[in-house]
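There are 2 protein chains.
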Amino acid sequence: MSRADQPLHGDQPVTNRRERARLRREEIILIASELFAERGYRGTALADVAARAGITEPGLLHHFGNKAGLLLAVIERRDLDSEAFAMELLGMEPADRLRALPEFARRNRERAGLAKLFTVLVAESLEPDAPGHDHFVARYRALRAIVADTIRSAQEEGLTRAGLDPETKAAEIIATLDGLQTQWLLDPEAVDIVAAVESYARTLERDLTGT
Amino acid sequence: MSRADQPLHGDQPVTNRRERARLRREEIILIASELFAERGYRGTALADVAARAGITEPGLLHHFGNKAGLLLAVIERRDLDSEAFAMELLGMEPADRLRALPEFARRNRERAGLAKLFTVLVAESLEPDAPGHDHFVARYRALRAIVADTIRSAQEEGLTRAGLDPETKAAEIIATLDGLQTQWLLDPEAVDIVAAVESYARTLERDLTGT
DNA sequence: CCTAACTTACTTAGTGCTCGGTAAGTGAGT
DNA sequence: ACTCACTTACCGAGCACTAAGTAAGTTAGG
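Structure follows, in structure tokens:
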């Protein structure tokens with residue numbers, strides 16, 4: 001009834017059919033993300049994803065070609081979310097970025113699935129010929145570069161002591177956050193991820209400023 | 001020909017048959033460790049392990065009951081190695097323990113398989129009903145307790161500043177080492193694990209002493 | 001000391017199930 | 001007329017695991 005249901009007259013190619021297919025793919029990717037996080041890529045059968053999505057297995061493969069294609073689609077989609085966060089961080093003053101870390105942890109805690117997805121997939125991608133390997137290698141290199149650049153510019157502004165190597169410190173920061181997340185995912189009752197990250201942010205501030 | 005080939009007279013029950021079986025199990029565990037590290041628990045078929053060990057699949061199951069039994073045997077065996085290292089650390093003066101970290105990293109670098117095994121298995125054990133879950137939960141709790149105790153006693157001796165919470169700091173230290181290891185396993189060319197751990201040990205010393 | 005009974009470390013053969021993937025349509029949009 | 005998002009039907013391979021036997025080593029009894 002409403003205009004939104006119908007394609008507009010003709011000023012834009014509102015391809016209703018393609019749009020519906022795109023939404024369907026998005027839905028499938030979301031479902032696959034959850035399952036991959038819970039059982040890993042190898043532990044998840046296409047049939048599991050298909051059943052939850054209310055589609056047949058060949059229907060699934062029609063959209064993604066094969067199982068690895070589905071994995072790559074999942075990774076790509078989830079990277080968009082992370083990229084959005086990275087952009088958010090880069091938009092801040094360097095001094096404020098540290099303070100954003102606990103907020104990041106808080107957000108991750110509410111969506112444990114996403115965190116689990118990456119932890120599981122990275123571990124399954126350690127071998128060079130794993131389907132997601134190259135992607136995660138590139139991802140970590142980019143992440144380290146972003147953090148290292150942040151440190152470098154903070155050094156130039158005199159906010160951070162000059163004695164440390166930005167690349168090494170970047171790897172260390174990412175490692176700590178990843179590692180805390182893993183411990184929390186394994187044993188949420190024993191590890192308070194938000195408190196741990198808050199504490200680490202303070203440690204890091206002392207470390208970076210040299211006070 | 002030599003006496004060693006024959007059972008001794010009778011003062012000890014030198015059960016030749018049992019001993020050979022034990023050695024066989026050890027050999028299988030070693031092979032399974034390698035495969036689990038490379039392809040994960042789920043990604044490894046019993047047939048793969050059996051083939052490399054020169055035994056049939058049912059022969060394998062005769063020793064370990066089922067696949068999960070093999071996994072637990074692998075974890076248990078590898079924990080003995082880690083425990084040996086923990087004991088070594090605990091035998092040192094608290095002040096020397098920090099200096100042992102790079103040596104630990106150096107050792108792990110030479111045997112990347114062991115490191116990879118744990119990274120992969122922990123990720124596969126995040127879900128509470130995974131076969132290794134309880135084991136890794138207990139392992140991390142024990143590890144955190146050991147490190148926290150070390151910090152606590154260093155505080156009592158005045159070697160470490162009083163203002164930090166030992167439990168939280170323990171989780172942070174373990175997280176950093178784990179996270180660095182993961183980055184290195186994923187991309188050995190981009191991450192120098194020994195240099196990174198050396199740098200972190202210095203960071204940590206400043207952090208703990210408050211200088 | 002010899003041998004019969006038992007235990008143990010396997011093997012061969014096979015089972016039922018699940019897996020990712022394909023071939024060949026169908027029917028509704030465009 | 002054509003495309004495209006599917007479905008039904010199917011496939012061969014691989015999976016963990018079992019049943020049943022075998023041969024060698026170990027132990028107990030006479």
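Quick note, the sequences are listed as chains P and V, same order. full-length UniProt numbering numbers the first residue of the first sequence as 1 and each following residue consecutively. full-length UniProt numbering numbers the first residue of the second sequence as 1 and each following residue consecutively. Beta carbons are placed, not taken as given, at the ideal position from N, Cα and C, and that holds for glycine. No experiment lies behind these values; they were computed from the predicted model shown.
What does the alpha-carbon distance come out to for the pair residue i and residue j?
| i | j | result |
| --- | --- | --- |
| Arg106(V) | Leu101(P) | 31 Å |
| Asp81(V) | Glu110(V) | 14 Å |
| Glu26(V) | Glu103(V) | 27 Å |
| Val147(P) | Thr203(P) | 17 Å |
| Ala32(P) | Ile193(P) | 26 Å |
| Val63(V) | Pro128(V) | First, the amino acid is wrong: residue 63(V) is His here, not Val. Whole-angstrom Cα-Cα distance: 26 Å. |
| Gly43(P) | Gly65(V) | 21 Å |
| Leu61(V) | Ile55(P) | 38 Å |
| Ala171(P) | Ala145(P) | 9 Å |
| Leu177(V) | Leu143(V) | 12 Å |
| Ala68(P) | Leu46(P) | 11 Å |
| Met1(P) | Arg78(P) | In this predicted model, Met1(P) has a pLDDT of only 40, less than 50, meaning its place in the structure is not dependable enough to derive any value. |
| Ile174(P) | Glu205(V) | 19 Å |
| Asp149(V) | Glu157(V) | 12 Å |
| Ala195(P) | Glu19(V) | 51 Å |
With distances taken from CA atoms, which of the options is nearest residue i?
| i | options | result |
| --- | --- | --- |
| Ala53(V) | Gly91(V), Tyr200(V), Arg24(V) and Val191(V) | Arg24(V) |
| Ile151(P) | Ala142(P), Arg141(P), Glu167(P) and Asp79(P) | Glu167(P) |
| Leu72(V) | Asp134(V), Glu172(V), Ala190(V) and Thr176(V) | Asp134(V) |
| Leu98(V) | Thr160(V), Ala112(V), Glu124(V) and Ala47(V) | Thr160(V) |
| Met92(P) | Leu185(P), Arg22(P) and Ser153(P) | Ser153(P) |
| Phe85(P) | Asn108(P), Ala95(P) and Leu70(P) | Asn108(P) |
| Thr119(P) | Arg206(V), Asp187(V), Ala47(V) and Thr182(V) | Thr182(V) |
| Leu185(V) | Gly132(V), Ala171(V) and Leu117(V) | Leu117(V) |
| Asp207(V) | Ala195(V), Glu189(V), Asp165(V) and Ala50(V) | Asp165(V) |
| Leu180(P) | Ala201(P), Gly163(P) and Ala162(P) | Ala201(P) |
| Asp187(V) | Ala138(P), Ile75(P), Arg18(P) and Ile29(P) | Ala138(P) |
| Glu38(V) | Ala130(V), Ala51(V), Gly210(V) and Leu121(V) | Leu121(V) |
| Arg141(V) | Asp178(P), Gln155(P), Glu83(P) and Glu189(P) | Glu189(P) |
| Ala115(V) | Glu157(V), Ile28(V), Ile75(V) and Glu19(V) | Ile75(V) |
Excluding the 5 residues preceding and the 5 following residue i in the sequence, name in chain order all residues of the same chain whose CB lies nearer than 6 Å to its CB.
| i | result |
| --- | --- |
| Val197(V) | Leu101, Pro102 and Ala105 |
| Tyr41(V) | Leu71 and Glu124 |
| residue 223(V) | Outside the displayed range of chain V (1 to 211) lies residue 223(V), so it cannot be described from this structure. |
| Val191(P) | Gln183 and Trp184 |
| Gln155(P) | Ala162 |
| Pro131(P) | Ala68 and Leu71 |
By Cβ distance below 7 Å, which residues in the same chain neighbour residue i in space, the five residues on each side in sequence not counted?
| i | result |
| --- | --- |
| Lys169(V) | Ile151 |
| Glu34(V) | Gly113 |
| Leu89(V) | Arg97 and Ala100 |
| Ala95(P) | Leu159 |
| Ile29(P) | Ala73, Val74 and Arg77 |
| Phe136(P) | Val122 and Ser125 |
| Glu83(P) | none |
Taking 8 Å as the limit between beta carbons, can you name the residues of its chain near residue i, skipping five residues before and five after?
| i | result |
| --- | --- |
| Ser199(V) | none |
| Ala21(V) | His63 |
| Glu163(V) | Note on residue identity: the sequence assigns Gly, not Glu, to residue 163(V). Answer for Gly163(V): Gly210, listed in chain order. |
| Ala50(P) | Thr56, Glu57, Gly59 and Leu60 |
| Leu126(V) | His133 |
| Ala87(V) | Reading the sequence as shown, one finds Met at residue 87(V) and not Ala. Excluding positions up to five away in sequence, the list is empty. |
Quiz item: What are the complete alpha helix (DSSP H) segments, minimum 4 residues, inside the UniProt DNA-binding region "H-T-H motif" (45-64) of chain V?
Solution: 46-53 and 57-64
Quiz item: What runs of the alpha helix (DSSP H), each 4 residues or longer, lie entirely inside the region 90-131 of chain V?
Solution: For the region 90-131 of chain V, whole alpha helix (DSSP H) runs of length 4 or above, ordered along the chain, are 94-110 and 112-124.
Practice problem: Please go through the region 139-198 of chain P and give each complete alpha helix (DSSP H) segment of 4 or more residues, from N-terminal end onward. | Solution: 166-186
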